[in-house]
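Working notes, structure below.
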Amino acid sequence: MATYDDDLRLAHVLADAVERTALDLFGSPDLHLSVTDDGALITQATSRLEELLRHQLQRTRPRDRVEGRVLETTGHGDRRWVLDALDGTANYVRGVPVWATLISLVVEDEPVLGLVAAPSLARRWWAGRGSGAWTGRQLSRARPVRVSDTSVLEHASVSVDEVASWLFGPHGDGFAQLCDRVWRTRAFGDFWSHALVAEGAADVALAATADVYQLSALSAIVHEAGGRVTDPWGAGVTGPDASAPTPVLVTNAHLHELALATLAPQDGAHG
């Protein structure tokens, strides 16, 4: 099996390259939100951080393809670096410290590496296929992570974002039942919900919408930690046939089928 240790080290170098700028701009009153054509929130910092990431990749992986949320795709081939320079943009602008840079490597349409760098939380989460999932401040000070072994829905800790989208969407009845059955619900939001599932601190995470720039990194980490990632109908969210943006269900795998069955719309509607 191919290993991606060199690429993981590079992903940390990329995160290092943007960390100071990201922290300097965090919560600046000069930042303003705007919306991309696909509905994602961005700000001036998004472009600046993506430029820095691309500059490093051009120097170190000039033959790889690079895809980002803001700038045009460059390069070609089966190795694709997928960048979400700023996940949690609304938090970033409002001064809430839950935001991160997401970096992933996709080979032949499958995410094989993911890194989440959250400098305001002083944490990173990362994984490479076959190398396990890890968290820490940096490579040299890391600990392995694994999803929880919770297998009873009534014992589960669930993190959910955009409650109204779930409650009034096609899974509304199922979502209400899920919230009623589980031990507790919280709203950590954005990348953090999924990272917490990967490290076993939460058991289930629900995202009302996520796209390829987020899912490539997050799914690589969750899968390597032993979890599962699908849409609420059970379909995959990465690969050539995946549709995005899409709602997402992330679990420790033990609870996945239970969560899917509970969420299932009574009329079987999709969308």
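Throughout the sequence shown, residue numbering follows the numbering used here, covering 1278 to 1548 in sequence.
For glycine and all other residues, C-beta sits at the position ideal for the given N, C-alpha and C.
Give the DSSP bridge partners of residue i, in chain order.
i	result
Thr1412	Trp1402, Arg1420
Leu1526	Leu1483, Thr1507
Can you give the Cα-Cα distance for residue i and residue j, rounded to whole angstroms?
i	j	result
Gly1407	Phe1303	35 Å
Thr1427	Val1481	10 Å
Leu1263	Ala1479	The chain is shown from 1278 up to 1548; residue 1263 falls before or after that span and cannot be answered.
Glu1327	Ser1442	29 Å
Arg1286	Trp1411	13 Å
Arg1414	Pro1374	16 Å
Thr1280	Gly1409	11 Å
Ala1519	Leu1392	21 Å
Trp1358	Ala1399	24 Å
Would residue i and residue j be called neighbours here (beta carbons separated by less than 9 Å)?
i	j	result
Thr1523	Thr1486	yes
Leu1483	Val1525	yes
Ser1493	Val1383	yes
Ala1377	Asp1467	yes
Ala1367	Asp1488	no
Ser1425	Ala1497	no
Val1527	Val1499	yes
Val1416	Gly1405	In the sequence under discussion, the amino acid at residue 1416 is Leu, which differs from the Val named in the question. Result no, Cβ atoms of Leu1416 and Gly1405 do not sit closer than 9 Å.
Ala1475	Gly1504	yes
Leu1308	Tyr1369	yes
Arg1336	Arg1356	no
Val1437	Ala1464	yes
Asp1282	Tyr1490	no
His1332	Ala1292	no
Leu1310	Thr1298	no
Trp1422	Ala1502	Trp is not the amino acid found at residue 1422; the sequence shown has Val there. Taking 9 Å as the Cβ cut-off, Val1422 and Ala1502 qualify as a contacting pair.
Ala1394	Glu1296	yes
Closest to residue i by C-alpha separation, out of the options, would be which residue?
i	options	result
Gly1354	Val1343, Leu1360, Phe1465, Ala1502	Val1343
Asp1508	Arg1463, Ala1453, Pro1447, Gln1454	Pro1447
Leu1330	Val1312, Thr1313, Asp1314, Thr1350	Thr1350
Leu1532	Glu1387, Pro1542, Ser1397, Gly1477	Gly1477
His1542	Val1440, Ala1433, Gln1454, Glu1439	Residue 1542 is actually Pro in this sequence, not His. Selected option, being the one with the closest Cα: Gln1454.
Does any C-beta atom of chain B lie closer than 9 Å to the C-beta of residue i?
i	result
Pro1421	Chain labels in this structure do not include chain B; a single protein chain is all it has.
Could you name each continuous beta strand (DSSP E) segment of 3 residues or more that falls completely within the segment 1456-1495, going from the start of the chain to the end? 1461-1463, 1481-1487
Could you name each continuous beta strand (DSSP E) segment of 3 residues or more that falls completely within the segment 1344-1401, going from the start of the chain to the end? 1356-1364, 1377-1384, 1387-1395
Enumerated in chain order, which unbroken segments of the alpha helix (DSSP H) with a length of 4 residues or greater are wholly contained in the segment 1425-1454? 1440-1444
At 4 residues or longer, and completely inside the segment 1298-1343: list those alpha helix (DSSP H) runs for me, N to C. 1321-1337
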